[in-house]
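Data block below; observations after.
Numbering (the working numbering), first residue to last: 23 to 179.
Rendered as structure tokens:
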């Protein structure tokens with residue numbers, strides 16, 4: 023059973039993204055799913071700024087380029103937005119295998135199909151009736167617990 027977290031506002035989403043960024047390491051993949059407008063880009067910007075140790079970092083959406091790469095102190099970080107991907111066979115051209123040596127953040131991961139890494143952290147964002155965001159979390163439970171992210175069945179942030 024996975025955990026979930028309720029994010030009350032954009033600041034809470036940014037804080038959660040920074041907490042996740044604090045536990046990633048080279049070879050990790052984070053899969054970020056949810057409908058348009060759910061807050062995936064807010065999470066991605068905060069996550070990438072934390073990893074790059076630059077709160078003012080310009081983080082454009084890779085919707086049209088499909089992938090944006092960053093040189094973070096820890097390792098290279100690749101941000102994939104697969105919304106416009108024709109199929110998983112196109113990932114080779116985008117440097118998918120090479121990117122997996124660093125840290126990979128994927129929006130619209132359902133387009134990975136069979137290429138979805140088994141050891142990825144899955145974050146599913148949904149919008150609740152009052153505008154809060156609920157993030158379902160699958161994977162990395164021991165690592166997140168060890169980092170002090172005590173996530174029960176439902177945690178408010």
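Just so it is clear, CB atoms sit at the ideal spot from N, CA and C, and this is done for glycine as well. Source: prediction; values computed, not measured.
*Quick one: residues in its chain with C-beta nearer than 6 Å to the C-beta of residue 51, no 5 flanking neighbours on either side, listed in chain order?*
Here the set comprises 126, 139 and 142.
*Would you call the segment 162-173 and the segment 67-83 in contact, with 3 or more CB pairs under 8 Å?*
Contact annotation: the segment 162-173 does not touch the segment 67-83, with fewer than three C-beta pairs closer than 8 Å.
*Quick one: what does DSSP say residue 121 is sitting in, helix, strand or coil?*
In this structure, residue 121 counts as helix in the three-state DSSP scheme.
*Residue-level contact to chain D via CB, residue 31, 9 Å cutoff*: Looking at the structure shown, chain D is missing, and only one protein chain is on hand.
*asked:* How far does the beta strand (DSSP E) with residue 60 in it extend, from its first residue to its last?
replied: Boundaries for residue 60: no beta strand (DSSP E) harbours it, and the DSSP string shows neither H nor E there.
*Tell me the DSSP bridge mates of residue 146?*
Per the DSSP secondary-structure output, residue 146 pairs in a beta bridge with 55 and 158.
_Would residue 36 and residue 68 be called neighbours here (beta carbons separated by less than 9 Å)?_
Between residue 36 and residue 68, the C-beta gap is smaller than 9 Å, which places the two residues in contact.
_Three-state secondary structure (DSSP) of residue 111_ = DSSP places residue 111 in the helix class (H, G or I) of the three-state scheme.
*Residue nearest to residue 150 in terms of C-alpha spacing, selected from 41, 45 and 59*: With distances taken between Cα atoms, residue 150 lies closest to 59.
*asked:* I'd like to know whether the C-beta atoms of residue 80 and residue 97 end up nearer to each other than 9 Å.
replied: With respect to residue 97, residue 80 sits apart: the two C-beta atoms are not nearer than 9 Å.
*To the nearest whole angstrom, what separates the beta carbons of residue 87 and residue 105, a pair I think is in contact under 8 Å?*
Actually they do not touch by this definition, with Cβ atoms about 12 Å apart.
*Between the Cα of residue 95 and the Cα atoms of 46, 133 and 65, which residue gives the shortest distance?*
Of the candidates 46, 133 and 65, 46 places its Cα closest to the Cα of residue 95.
*Tell me which same chain residues have a C-beta within less than 7 Å of the C-beta of residue 29, skipping the five on either side of it?*
Beyond the five residues adjoining it in sequence on each side, residue 29 comes within less than 7 Å, by CB distance, of 35, 38, 154, 155, 157 and 179 in the same chain, given in chain order.
*Go to residue 81, then tell me how far its beta strand (DSSP E) extends in each direction, as first and last residue.*
No beta strand (DSSP E) contains residue 81, which DSSP labels as neither H nor E.
*Would you call the CB atoms of residue 54 and residue 62 closer than 9 Å?*
Contact flag set, yes.
_By the DSSP assignment, the beta strand (DSSP E) with residue 166 in it spans what residues?_
Element bounds for residue 166: not the beta strand (DSSP E) but the alpha helix (DSSP H), 163-168.
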